[in-house]
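Have a look at the structure below, then the notes.
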Amino acid sequence: MSAIPDPVAAAVAATVARHRQDPHYILQMLREIQEACDWIAPEAIDRLQQALGLPRTKVEGVAGFYSFLYTKPRGRYRVLFSDNITDRMLGNMELLRRMCEQLWIERGKTSEDGLVSVDTTSCTGMCDQGPALLVNNYAITRVDAPRVDAICELIRAQVELAAWPREYFRVDDQVRRKDVLLGAALAPGEALAAGCARGAEALLAELKLSKLRGRGGAGFSTGLKWEACRNAAGSEHYVVCNADEGEPGTFKDRVLLSAHADLVFEGMSLCALALGARRGMLYLRGEYRYMLDQLNAVLERRRQAGLLGIGILGREGFDFDIEIHLGAGAYICGEESALIESLEGKRGTPRNRPPFPVTHGYLDQPTVVNNVETFAASCLVALRGGAWYAGIGTSASAGTKILSVSGDCARPGLYEYPYGVSVSEVLAACGAVDVQAVQVSGPSGVCLAAGEFGRRIAFEDIPTAGAFMVFDQRRDMFAVARNFVHFFAHESCGFCTPCRVGTSLLRNLMDKLNNGHGSPYDFAEIEKLNRILQAMSHCGLGHSACNPVLDTIAKFRPAYERRLQQKEFEPAFDLDWALEPARQMTGRDDAGAHIGSVEKS
Amino acid sequence: MSASFTIDGKAVPFAEGQTIIQAALAAGVYIPHLCHHPEFKPHGSCKLCTVRISGRQSASCTTLAQAGMAVESDTPALNDERRTLTQMLFVEGNHFCPSCEKSGNCKLQATAYDLGMMTAHFDHFFPSRPVDASHPDVLLDFNRCILCSLCVRASRDVDGKNAFALSGRGIKTHLIVNAKSGRLADTDVTLQDKAVRVCPVGVFLRKDRGFNVPIGRRVFDLKPVSAYVDATAALAKE
Ligand SMILES: Cc1cc2nc3c(=O)[nH]c(=O)nc-3n(C[C@H](O)[C@H](O)[C@H](O)COP(=O)(O)O)c2cc1C
Ligand code: SF4
Ligand code: SF4
Ligand code: FES
Chain A
1 MSAIPDPVAA
11 AVAATVARHR
21 QDPHYILQML
31 REIQEACDWI
41 APEAIDRLQQ
51 ALGLPRTKVE
61 GVAGFYSFLY
71 TKPRGRYRVL
81 FSDNITDRML
91 GNMELLRRMC
101 EQLWIERGKT
111 SEDGLVSVDT
121 TSCTGMCDQG
131 PALLVNNYAI
141 TRVDAPRVDA
151 ICELIRAQVE
161 LAAWPREYFR
171 VDDQVRRKDV
181 LLGAALAPGE
191 ALAAGCARGA
201 EALLAELKLS
211 KLRGRGGAGF
221 STGLKWEACR
231 NAAGSEHYVV
241 CNADEGEPGT
251 FKDRVLLSAH
261 ADLVFEGMSL
271 CALALGARRG
281 MLYLRGEYRY
291 MLDQLNAVLE
301 RRRQAGLLGI
311 GILGREGFDF
321 DIEIHLGAGA
331 YICGEESALI
341 ESLEGKRGTP
351 RNRPPFPVTH
361 GYLDQPTVVN
371 NVETFAASCL
381 VALRGGAWYA
391 GIGTSASAGT
401 KILSVSGDCA
411 RPGLYEYPYG
421 VSVSEVLAAC
431 GAVDVQAVQV
441 SGPSGVCLAA
451 GEFGRRIAFE
461 DIPTAGAFMV
471 FDQRRDMFAV
481 ARNFVHFFAH
491 ESCGFCTPCR
501 VGTSLLRNLM
511 DKLNNGHGSP
521 YDFAEIEKLN
531 RILQAMSHCG
541 LGHSACNPVL
551 DTIAKFRPAY
561 ERRLQQKEFE
571 PAFDLDWALE
581 PARQMTGRDD
591 AGAHIGSVEK
601 S
Chain B
602 MSASFTIDGK
612 AVPFAEGQTI
622 IQAALAAGVY
632 IPHLCHHPEF
642 KPHGSCKLCT
652 VRISGRQSAS
662 CTTLAQAGMA
672 VESDTPALND
682 ERRTLTQMLF
692 VEGNHFCPSC
702 EKSGNCKLQA
712 TAYDLGMMTA
722 HFDHFFPSRP
732 VDASHPDVLL
742 DFNRCILCSL
752 CVRASRDVDG
762 KNAFALSGRG
772 IKTHLIVNAK
782 SGRLADTDVT
792 LQDKAVRVCP
802 VGVFLRKDRG
812 FNVPIGRRVF
822 DLKPVSAYVD
832 ATAALAKE
């Protein structure tokens, strides 16, 4: 026995044992190693690879894909400021600079003593209580200057995260308007018992009658999806809940899981009943790490209550259980086929479709993937029937939709409305005044200008996955679009040429405009990129990556024209900017270190 | 009679389970492609092979042929978009064709010529991608990698070695080799491996020979890529 225990060896052994040496769990293992050791050292990859009998390329390929997995040391404290436009509007960049100055570090670099790093990350889903940040993947909300100062003190004093003031980690639900779903208050097991009483066939019939459609974006009929999966041949059927909630500005799944987890798990169980599935998985975005223990506790309580496990509700043959998989910072894993790849322990690359998950999903078996809200809503259908549910909302959009409202308004938070609610009704309810624009359904969605606020939230008018970001007259809509374009460039999975290169080209174009080098020529370039991305991309991310720019050019053109100082084409190359590395190396920033000719009149 | 569909009006027969590009190439109809290789399973990442079917565009290497479908491929609009894709691939890496040993035998270069690409159009990214000259027989020049995964697939599916993989994400996606040191010399790769011979561009170079066939007499110097019934086979003979 060696006297000094090797922490890396111990961490690898523990996680491999916890996941029964199953290589499908490699992402979970990497994540746990990262948590235990602060990074994934080459030795950790050695050991993991040996324990699982996998090639090193496989492990490194996966580790390199996810933003929250580090194969280089990133410090014992890894601070990531959420960088959605709503965080920006609340001053996150100023706070980030303040933290970097106090800690004497450069953004994106690890401090020389290996203690801390500070950087940005895509929207963390705390837009109604931002600016937000993550420390070692735990969310801190309502960051302000005093809180930044206090955090710097805690880091410098090397206080364990567990001993930081609990108040920092407080995440509020902020439910502002309840309707049938958020107001349901069902007892655990109530909907499941109703579903069991109906039986699988009748449950599917009610679901189709209810006209319930997916709440994750695409709006596919839930009843048809479950039925197609039930009818698909396979050795096992799987139920997967999509809690990746990566679309910037969306946070309703977070609240559903924190306040109504039973409803979500119960919807998954109903699905299992309909499919004859025995295994369910909930894919929780890495940003919601703080919820893992509480969700596992709910699962355990449900097992104790006979609502999960063998012989659910005393019914012979109704065996079903749920496990939670945590993501690790990759928006693309919200796309259902990429999500399944990630569940299988791979890089989150969208698959070629068809075949679709209903016939070839997890481990190539028939799989239902639904959004958190869809599963929750299915409980209402099981309990109160399809006809009742179809009576809510509009004829093409049955039921209610939960909106995550953030940005310039007095009362950000969740608003549940029957479908058909107008944008202006929501604006009035949340106390938004002087509104210039609303971005519905996040960067992939649509940007509405004042003349369009009479339009309705519904599949037949403005479909949405839930985000509702408000911008008042003070806001620069070009900056909004530029923030979204940076998001897409950062989150492109890199699989296909048009999106991998196109999103970076688009980002560079927007930066060029921002730096005052734009000309009308660049609008044509944006159009061209949009055509390629829409027509040639492999998945929805690439298809919608140009939406925010096209919408804002069409509706807020002055915001762009303000930046067009050039009438003729001008290259993006900037001689003065090219000297920046030399300035950094020599530590100079005086007038002599700049090219004089860039003086602007 | 076997089932058939049309490409630009020309009838193309196909067998059940064939993709559009498989049936097309078998019938001597050229569709531009880079990540497709007749010996490997459909992949679908480069998107050069995109065609139009009933107004919708999709990659012909991952779309199954169906009886009666009318496929548009050799149209000015599609070739425009394909040319843009080749330009994207050029600016994303570092391609200095005049000094590249693969010049004339490179599918990217040949496809770009064939599509009439005259300039890179976009600003170059100039990524930093150091070469790996550690291996006694093979040089890896990552500057030219277009991330088509062919070497990855060949090593995994044919050589049984998993010597290569893609890591990173988005524009930072890059090829890695199966060694803790990250060096090819520390892998079990040999000149006999399929993986060493499938690269459509000039990443994998044999050290023991160079410019065997002089520039001017190489595969795509003789005729354009679109004029080959089977460019892959012609390249394999080199
Ligand atoms: C780039 C991309 C990201 C997505 N992210 C999510 C997500 O975070 N949550 C979600 O439920 N659906 C997301 N989707 C949609 C899923 O692919 C899928 O349609 C959905 O989970 C199906 O569930 P539903 O029918 O209940 O909506 C995303 C799709 C794309 C293309
Ligand atoms: S469109 Fe973008 S995210 Fe989707 S597969 Fe292509 S590179 Fe990946
Ligand atoms: S090295 Fe060649 S074969 Fe391998 S991914 Fe890159 S371009 Fe494709
Ligand atoms: S050849 Fe079809 S996508 Fe590359």
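Quick note, the sequences are listed as chains A and B, same order. First residue of the first sequence: 1, per the working numbering; consecutive thereafter. First residue of the second sequence: 602, per the working numbering; consecutive thereafter. The beta carbon of each residue, even a glycine, is placed where N, CA and C say it ideally should be.
Remark: the C-beta of S444 of chain A is in contact range of ligand 1, defined as less than 8 Å to any heavy atom. Proximity of the region 745 to 758 of chain B to the region 687 to 695 of chain B meets the contact definition, three or more beta-carbon pairs being nearer than 8 Å.
Taking 9 Å as the threshold, the shortest C-beta distance from S492 of chain A to chain B falls below it. Here the distance from the Cβ of G309 of chain A to the nearest heavy atom of ligand 1 is not below 8 Å.
Taking 8 Å as the cut-off, the C-beta of Y288 of chain A does not count as close to any heavy atom of ligand 1.
From the beta-carbon of I777 of chain B, the residues of chain A found nearer than 9 Å are R56, T57, E60, G61, G64. Between W226 of chain A and the set A:P146, A:V264, A:L54, A:M268, the nearest pair of CA atoms involves A:M268. Rounded to whole angstroms, the Cβ separation of S258 of chain A and M291 of chain A is 6 Å, and the two are in contact under 8 Å. Around the beta carbon of G391 of chain A, fewer than 16 other beta carbons sit within 10 angstroms, so the residue counts as exposed.
Apart from the 5 residues on each side of it in sequence, L529 of chain A sits with its Cβ closer than 8 Å to the Cβ of G502, L505, L506, L509, C546 in its chain, given in chain order.
Taking 9 Å as the threshold, the shortest C-beta distance from L505 of chain A to chain B falls below it. Shown here, Q34 of chain A sits in a helix according to DSSP, grouped into three states. Looking at the DSSP output, I462 of chain A sits in a beta bridge with A:I457. When the Cα atoms are used, I532 of chain A and R78 of chain A turn out to be separated by approximately 37 Å.
N695 of chain B carries a coil assignment under DSSP once its states are collapsed to helix, strand and coil. For L792 of chain B, the secondary structure class from DSSP, reduced to helix, strand or coil, is coil. Following the DSSP letters along the chain, one finds V797 of chain B in no alpha helix (DSSP H), marked with neither H nor E. For the options A:D434, A:A429, A:A465, the alpha carbon positioned closest to that of G334 of chain A is the one of A:A465. Distances taken from the Cβ of C499 of chain A to the heavy atoms of ligand 2 include one shorter than 8 Å.
For N763 of chain B, the neighbours in chain A by C-beta distance under 9 Å run, in chain order, L54, P55, R56, T57, K58.
I532, A535, M536, S537, H538: these are the residues of the region 532 to 550 of chain A whose beta carbon lies less than 8 Å from some beta carbon of chain B, given in chain order. Between the alpha carbons of H538 of chain A and F488 of chain A lies a distance of about 14 Å. At least one heavy atom of ligand 1 sits closer than 8 Å to the Cβ of I332 of chain A. Chain-ordered, the chain B residues with CB closer than 7 Å to the CB of F495 of chain A read S646. Membership of T400 of chain A in the beta strand (DSSP E) is indicated by the continuous run 400 to 407. Between T57 of chain A and the set B:V802, B:S782, B:G803, the nearest pair of CA atoms involves B:S782. Close to ligand 4, as judged by a C-beta nearer than 6 Å to any of its heavy atoms, are the residues B:H634, B:L635, B:C636, B:H637, B:G645, B:S646, B:C647, B:K648, B:L649, B:C650, B:A660, B:C662, in chain order. Sequence-ordered contacts of the region 34 to 49 of chain A with chain B read P42, I45, D46 [C-beta pairs closer than 8 Å]. For A139 of chain A, the uninterrupted beta strand (DSSP E) run begins and ends at 138 to 140, by DSSP. Note that the C-beta distance between A467 of chain A and S404 of chain A is below 9 Å. With a cut-off of 8 Å on Cβ pairs, the region 470 to 481 of chain A is in contact with the region 81 to 95 of chain A, counting three or more such pairs. Within the DSSP secondary-structure output, Q439 of chain A pairs in a beta bridge with A:C447, A:M469.
DSSP, read as helix, strand or coil, puts E60 of chain A in helix. A direct Cα-Cα distance of roughly 37 Å separates V820 of chain B from P355 of chain A.
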